[in-house]
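Chains as they are written, first to last, in my numbering: chain V, 2 to 262; chain F, 6 to 356.
Right under this line is the structure:
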């Protein structure tokens, strides 16, 4: 202690103190910012990010800007997170084929590696929802609770049997039949296009796992009542009964009043 | 020509020749009888008989299959959806065959084998003055025989009883009025009358309270009032009135009218989910256009303009629930809705 107090008048003491102070601030800041951005991605390597940037510049920058800052023809991607990028690219919605009421699902244009690299680049632009944890996608949650959550939060647009439905002015909520669990999870946390966001503060990750379990269960078990006619309710069922049901009744009345040969 | 309804064959042109005096046209009569195959060919008759028998046997088989599939398929606790589906299909098909077998069998029997002679019956004269006089006489006789003119006591008590009889209906229907009216005006969102404690907004269906910080921009929360899940009875009725959709927008996207400045919190707004048209739940929220769509009749509400109707048959905006944040950071309703939720009704405009 005595040695330290003797050296405090040393010409370099001010410099040493400054360096120490700066170091301390840096460490504290990084601790604080990781606490704030617990969601910031760490699973991506620097090479993922740089390859992703090349793909981005070649395929996405026309609309979203060279640094993903957005332009008149495309929104900013800062802070949308890896989950949003993975959802849009792996379902083929991005790159967008044409403008219209909404971007539609089509065969993916990038393979799994390229999709991952793009997600890494978008995640590097700003903290946002990360790729979901594998354990939340296993479909081993509580299907009953998931069904309740689905009917409250999702069924009004996606239909109680997840068959999809119409929205305003040409937009629609797509059918969830055959959509991979990862895409369903990502759609909930990011709220793509006109879908509202269902953040972890609204539906917990376990709740999302339950919803995925419910969707997989109803896909697996099929329709308990026989042919579901697309699960579209009165539209397809009404058409069927008007055409087939009335047709049978008319055939019977013709037969009833016809003479036997 | 015999009794026209005895089924005996008749000669064409012998019926209904009355009215020919004018000589306008000749009555063509009924077309000549054409014998069926089964009438002339015993083999065809035998074949038709076998067909009818087969249809009845199909009905018997259908009934037996119904009973077997109803009793033999076990729907115990460990039965799967597949078992239920199999049983459903078997029950439906066997019932259809059991009923259709009998029906088509009887019709085929009647058409192919039973006598099919054409019969026509001359039309009666419609009425005569004697008939009318006779009818009047009958009514007079009845009045005379009841003695209602001679026994005024009976007549007067009957009139009294008839006059009083509708009163119970008035009492019953009267009860439908004012009470229901009040019930539609109040929901669970009103602060506690004694303590003044404001009701927290909680998640549907779990009933967990919502912090303002949980509601990120673009989020949609389906909300029920705190304590709804604790209700022992009437829970569904209360829920049907009190359900709310909670959304957060960019605050500058909201166009707030004077008097409603304190109803939202940092762009968080809460609106009744019950459509003002016929009461369907309006929850199809588009987070980019800020449209709320009702799935039943496509009424569309603009969230940025306090849920004004921009399309469809609804005539009023969705009622807004005034909200604020309590000392613990949770969202609470500052008051009940300022108007009755849901569709119009008779006394809505009068309190």
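The C-beta atom is built at its ideal place from N, Cα and C for all residues, glycine as well.
Bear in mind the structure is a predicted one, so any value in this text is a computation, not a measurement.
- Within the stretch 175-226 of chain F, the complete beta strand (DSSP E) runs of at least 3 residues fall at 204-208.
- With fewer than 16 other CB atoms across the displayed protein chains lying within 10 angstroms of its CB, residue 197/F is exposed.
- Residue 195/V places its beta carbon less than 9 Å from that of residue 292/F.
- With respect to the 9 Å criterion, residue 214/V and residue 113/V are not classified as neighbours on the basis of their beta carbons.
- If the five residues before and after residue 276/F are omitted, its C-beta is found closer than 6 Å to the C-beta atoms of 250, 312, 323 and 325, all from its own chain and listed in chain order.
- Separation of residue 128/V and residue 80/V (C-alpha to C-alpha, rounded to the nearest whole angstrom) is 5 Å.
- Ranking 236/F, 103/F, 192/F and 235/F by CA distance to the CA of residue 65/F puts 103/F first.
- When Cβ-Cβ separations below 9 Å define contact, residue 137/V makes no contact with chain F.
- Out of 211/V, 193/V, 44/V and 250/V, the CA that lies nearest to the CA of residue 121/V is found in 44/V.
- Where residue 313/F is concerned, the enclosing beta strand (DSSP E) starts and stops at 313-316.
- Restricting attention to 283/F, 294/F and 340/F, the CA atom closest to the CA of residue 350/F is found in 283/F.
- One finds nothing in chain V with a Cβ atom closer than 9 Å to the Cβ of residue 260/F; even the nearest lies about 19 Å away.
- Identification of chain F residues near residue 72/V by a Cβ-Cβ cut-off of 9 Å yields none; the smallest Cβ-Cβ distance measures about 17 Å.
- Nearest neighbour of residue 155/V by Cα position, chosen from 204/V, 7/V and 77/V, turns out to be 204/V.
- Residue 281/F places its beta carbon less than 9 Å from that of residue 314/F.
- Selection 62/F, 74/F and 119/F evaluated against residue 41/F yields 119/F as nearest (Cα-Cα).
- Comparing alpha carbon positions, the residue from 86/F, 82/F and 32/F closest to residue 218/V is 86/F.
- Around the Cβ of residue 58/F, a 10 Å sphere holds fewer than 16 other Cβ atoms; the residue is exposed.
- Cβ proximity to chain V below 7 Å picks out 290, 291, 292, 293, 294, 296, 298, 300 and 305 from the stretch 290-319 of chain F.
- Between residue 209/F and residue 248/F the beta-carbon gap is near 7 Å, inside 8 Å, which marks them as a contact.
- Among the CB atoms of chain F, one or more fall inside 9 Å of the CB of residue 256/V.
- Secondary structure of residue 310/F (DSSP, three-state): helix.
- Ranked by how close their Cα comes to the Cα of residue 61/V, the residues 12/V, 256/V and 75/V have 75/V in first place.
- Bounds of the beta strand (DSSP E) holding residue 253/F are 249-253.
- By the beta-carbon neighbour count (other beta carbons within 10 angstroms, threshold 16), residue 184/V is buried.
- Each of 117/F, 69/F and 52/F was checked against the Cα of residue 258/V, and the nearest Cα belongs to 117/F.
- Distances from the alpha-carbon of residue 302/F to those of 316/F, 310/F and 295/F put 316/F closest.
- Chain order gives the chain F residues near residue 149/V as 210, where near means a beta carbon separation below 8 Å.
- Contact between residue 56/V and residue 65/V fails: their C-beta atoms lie close to 12 Å from each other, not under 8 Å.
- One thing to note: residue 147/V has its Cβ no nearer than 9 Å to the Cβ of residue 94/V.
- Rounded to whole angstroms, the gap between the alpha carbons of residue 46/V and residue 85/V is 19 Å.
- Among the CB atoms of chain V, none fall inside 9 Å of the CB of residue 45/F.
- In this structure residue 45/F is exposed. Its beta-carbon is surrounded by fewer than 16 other beta-carbon atoms within 10 angstroms.
- When 8 Å is used as the limit between beta carbons, residue 89/F is near these residues of chain V: 225, in chain order.
- For residue 275/F, the enclosing beta strand (DSSP E) stretches over residues 273-277.
- Contacts between residue 346/F and chain V, judged by CB atoms closer than 7 Å, are missing: the closest CB pair is about 17 Å apart.
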